[in-house]
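Under the UniProt record's numbering, the sequence shown has 282 at position 282, and the numbering climbs by one with no breaks. By construction, the Cβ of each residue, glycine as well, lies at the ideal position given by its N, Cα and C atoms. Beneath this line is the structure, given in structure tokens, with notes to follow.
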Amino acid sequence: MNTSQTSNQDAKQAQCDIRPPLEKSFSHYVRQPFQNFVSNQTTGAMLLLAATILALYLSNSEFSHAYHALEDIKLGFFADNTSFELSAHEWINDGLMVLFFFMLGLEVKREFIAGELSSIKASSAVIMAAIGGMVCPALIYSLLNFSGEGSGGWGVPMATDTAFALGVMALLGGKVNPSLKIFLVALAIVDDIGSVIVIAIFYTDQIMWNSVAIAAVFLVALVLLNRFGIRGAIWYVICSLGLWYFVLESGIHATMAGVLAALTIPARPTVHPVHLAKSMHHAAGDIDKSMQDSPIEPQEILGDEEKDSRLSHIERKARLTRTPLRIWEDLLDKPVSLFVVPIFAFLNAGTTVSQKAIEDMSSSPIAWGVILGLVVGKPIGIFSLTWLSVKTGIGQLSNSLTFKEIFGLAILAGMGFTMSMFVALLGFESSQEHLISAKLGIMLATVIAGVLGYLWLRFVTPYQEESNT
Numbered sequence: 001m002n003t004s005q006t007s008n009q010d011a012k013q014a015q016c017d018i019r020p021p022l023e024k025s026f027s028h029y030v031r032q033p034f035q036n037f038v039s040n041q042t043t044g045a046m047l048l049l050a051a052t053i054l055a056l057y058l059s060n061s062e063f064s065h066a067y068h069a070l071e072d073i074k075l076g077f078f079a080d081n082t083s084f085e086l087s088a089h090e091w092i093n094d095g096l097m098v099l100f101f102f103m104l105g106l107e108v109k110r111e112f113i114a115g116e117l118s119s120i121k122a123s124s125a126v127i128m129a130a131i132g133g134m135v136c137p138a139l140i141y142s143l144l145n146f147s148g149e150g151s152g153g154w155g156v157p158m159a160t161d162t163a164f165a166l167g168v169m170a171l172l173g174g175k176v177n178p179s180l181k182i183f184l185v186a187l188a189i190v191d192d193i194g195s196v197i198v199i200a201i202f203y204t205d206q207i208m209w210n211s212v213a214i215a216a217v218f219l220v221a222l223v224l225l226n227r228f229g230i231r232g233a234i235w236y237v238i239c240s241l242g243l244w245y246f247v248l249e250s251g252i253h254a255t256m257a258g259v260l261a262a263l264t265i266p267a268r269p270t271v272h273p274v275h276l277a278k279s280m281h282h283a284a285g286d287i288d289k290s291m292q293d294s295p296i297e298p299q300e301i302l303g304d305e306e307k308d309s310r311l312s313h314i315e316r317k318a319r320l321t322r323t324p325l326r327i328w329e330d331l332l333d334k335p336v337s338l339f340v341v342p343i344f345a346f347l348n349a350g351t352t353v354s355q356k357a358i359e360d361m362s363s364s365p366i367a368w369g370v371i372l373g374l375v376v377g378k379p380i381g382i383f384s385l386t387w388l389s390v391k392t393g394i395g396q397l398s399n400s401l402t403f404k405e406i407f408g409l410a411i412l413a414g415m416g417f418t419m420s421m422f423v424a425l426l427g428f429e430s431s432q433e434h435l436i437s438a439k440l441g442i443m444l445a446t447v448i449a450g451v452l453g454y455l456w457l458r459f460v461t462p463y464q465e466e467s468n469t
């Protein structure tokens with residue numbers, strides 16, 4: 001064998017010895033999940049918009065009767081003398097939407113453990129911004145409806161629709177500071193949790209304490225499952241269903257069950273990543289050695305029990321290295337954003353937009369309270385308390401963020417569609433006229449906030465990514 005052949009063989013052997021790194025960079029684990037989240041939220045925003053437009057079309061066409069009849073379709077379970085039955089409207093609002101709030105709870109837990117809210121100063125700025133974004137709109141609404149029939153709707157303009165707001169940011173492409181998107185997601189999470197608390201405390205008519213006690217038993221069971229390191233999803237599903245049923249029976253809105261159950265989902269892996277890396281190194285070495293001893297074609301591994309067993313071992317270890325919280329979040333992200341929320345919008349956004357409805361809205365303090373609360377109150381509240389938290393040293397912004405960008409974000413936060421609609425359905429359950437005014441106000445405010453936010457971020461504070469050249 002000549003020197004040239006030896007060199008070629010050495011080069012080939014060196015190429016075989018070079019394997020891709022077992023652990024990816026920190027930025028991969030931080031940016032990639034966030035980019036996936038934003039991508040799903042953007043697609044979800046398009047579906048949400050399409051569902052809303054379709055609902056408005058059907059409710060104002062010759063199909064109006066059929067559309068509204070969908071809400072009253074009864075679905076349930078029957079066994080002997082026992083039955084559990086809800087209308088389609090209730091299954092969506094009290095059933096499927098619990099998954100939306102479950103996702104919200106998972107996001108909150110992750111953000112506080114390892115995200116934007118894990119730093120005290122960063123979380124303080126976000127929490128202060130969210131408080132301002134809840135209190136100021138509620139005050140504006142209350143000033144316009146202080147003693148009127150719509151006084152109970154003050155919770156309507158408090159929330160932000162993450163999907164719509166991120167959808168607008170997506171239209172801006174690279175002209176939006178990436179840190180602004182992260183701040184927006186964290187802000188929306190905190191202010192949605194504020195809305196959940198408001199729903200639980202102020203939009204609950206009567207509480208059945210015996211059902212609350214049983215729900216508490218299921219909640220304690222979930223906590224104990226986490227505490228004793230039990231990772232089997234089936235146990236969490238069973239206890240979560242029990243929690244949901246008895247929270248629903250108690251009179252407290254069932255969405256609280258989703259948030260509470262999410263907070264009990266384990267956030268630590270069973271196997272440490274270091275152990276996984278060692279196992280992979282060891283297994284890769286074994287497979288490499290056996291392949292050199294008896295080379296086989298890639299498809300032949302199907303009949304090689306020994307190699308398949310090693311790969312199966314790596315797969316199990318990899319699965320145990322992921323946190324249940326992250327697994328559940330990835331599992332539910334697409335179904336919730338691409339199915340649950342659009343279905344909710346489709347069944348709830350349908351409103352008869354007649355000339356009378358528009359005239360009523362134009363003179364309705366409820367509609368104006370919602371519009372001004374979202375379009376004016378949100379920017380003032382978020383910007384002022386963010387500025388105050390930073391100037392007093394309580395909070396801290398990312399170095400790349402400016403107050404002009406924060407103001408643009410605050411305008412976009414006035415897009416309160418999903419959660420605002422949800423609160424309106426609870427607050428005006430007994431008055432269809434007030435509910436229509438609130439819905440129209442929410443839709444108009446969402447459009448205005450979206451357009452103004454887009455124009456501000458596009459022309460007043462266009463972001464230019466720094467060049468590496």
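For glutamate 405, the secondary structure class from DSSP, reduced to helix, strand or coil, is helix.
When the alpha-carbon of valine 447 is set against those of Tyr57, Gly133, Asp161, the nearest one is in Asp161.
In the assembly as shown, aspartate 192 is a buried residue. Its beta-carbon has 16 or more other beta-carbons within 10 Å. When C-alpha distances from glycine 393 are compared across Ile92, Ala125, Glu62, Phe63, the shortest belongs to Ala125.
C-alpha of leucine 331 to C-alpha of glycine 44: approximately 15 Å in a straight line.
Bridge pairing for glutamate 85: Gly76 [DSSP]. Put simply, the backbone Cα of phenylalanine 100 is about 7 Å away from that of valine 341. Segment contact: the stretch 421 to 428 against the stretch 176 to 191, fewer than three CB-CB distances shorter than 8 Å; contact not assigned. The beta-carbon distance between cysteine 136 and glycine 414, rounded to whole angstroms, is 11 Å. This is too long to meet the 8 Å contact definition. Separation of glycine 150 and lysine 439 (C-alpha to C-alpha, rounded to the nearest whole angstrom) is 13 Å. Distance from the CA atom of glycine 441 to the CA atom of alanine 349, rounded to whole angstroms, is 12 Å. Bounds of any alpha helix (DSSP H) do not take in methionine 415, whose DSSP letter is neither H nor E. Short of 6 Å from the beta carbon of leucine 409, and not among the five residues preceding or following it, lie these beta carbons of its own chain, in chain order: Leu180, Leu184.
Boundaries of the alpha helix (DSSP H) harbouring asparagine 348: 341 to 348, taken from the DSSP string. Proline 365 has its alpha-carbon roughly 31 Å from the corresponding atom of leucine 104. When the five nearest sequence neighbours on each side are left out, the beta carbons in the same chain lying within less than 7 Å of the beta carbon of arginine 231 are those of Pro266, Thr270, Pro324, in order along the chain. At a cut-off of 4 residues, the continuous stretches assigned as alpha helix (DSSP H) that sit fully inside the stretch 100 to 165 are 120 to 144. Around the CB of leucine 166, 16 or more other CB atoms lie within 10 Å, so the residue is classed as buried. Judged by DSSP secondary structure, glycine 194 falls within the alpha helix (DSSP H) whose first and last residues are 178 to 202. A Cβ-Cβ contact shorter than 9 Å links leucine 385 with glycine 132.
Look at arginine 322 here: in three-state DSSP terms it is coil, with no helix or strand label. The straight-line gap separating the alpha-carbon atoms of leucine 139 and alanine 233 is approximately 43 Å. The beta carbons of alanine 122 and glutamine 396 sit closer together than 9 Å. The Cβ atoms of cysteine 239 and leucine 222 sit closer than 9 Å to each other. Taking C-beta atoms as the reference points, valine 190 and threonine 255 fail to come closer than 9 Å. Approximately 50 Å separates the beta-carbon atoms of serine 250 and serine 309; this is outside 8 Å, ruling out the contact.
In terms of Cα proximity to tryptophan 244, the closest of Arg268, Phe228, Ala213 is Ala213.
Burial is judged here by how many other beta carbons sit within 10 angstroms of a residue's own beta carbon; asparagine 145 has at least 16 and is buried. Under a 10 Å Cβ-count criterion, alanine 50 is classified as exposed, with fewer than 16 other Cβ atoms of the shown protein chains found around its own Cβ. The shortest C-alpha to C-alpha distance from serine 389 to any of Tyr67, Leu106, Met128, Glu111 is the one to Met128. Within the model, the alpha-carbon separation for serine 142 versus leucine 374 is close to 13 Å. Between the alpha carbons of arginine 326 and glutamate 107 lies a gap of roughly 9 Å.
Out of Trp154, Ser312, Leu117, Leu225, the CA that lies nearest to the CA of valine 198 is found in Trp154.
In terms of CA proximity to alanine 445, Phe164 leads the group Ile120, Glu433, Phe164, Leu320. Within the same chain, Cβ atoms closer than 6 Å to the Cβ of methionine 134 are found at Met158, Asp191, Gly194, the five residues on either side in sequence being excluded.
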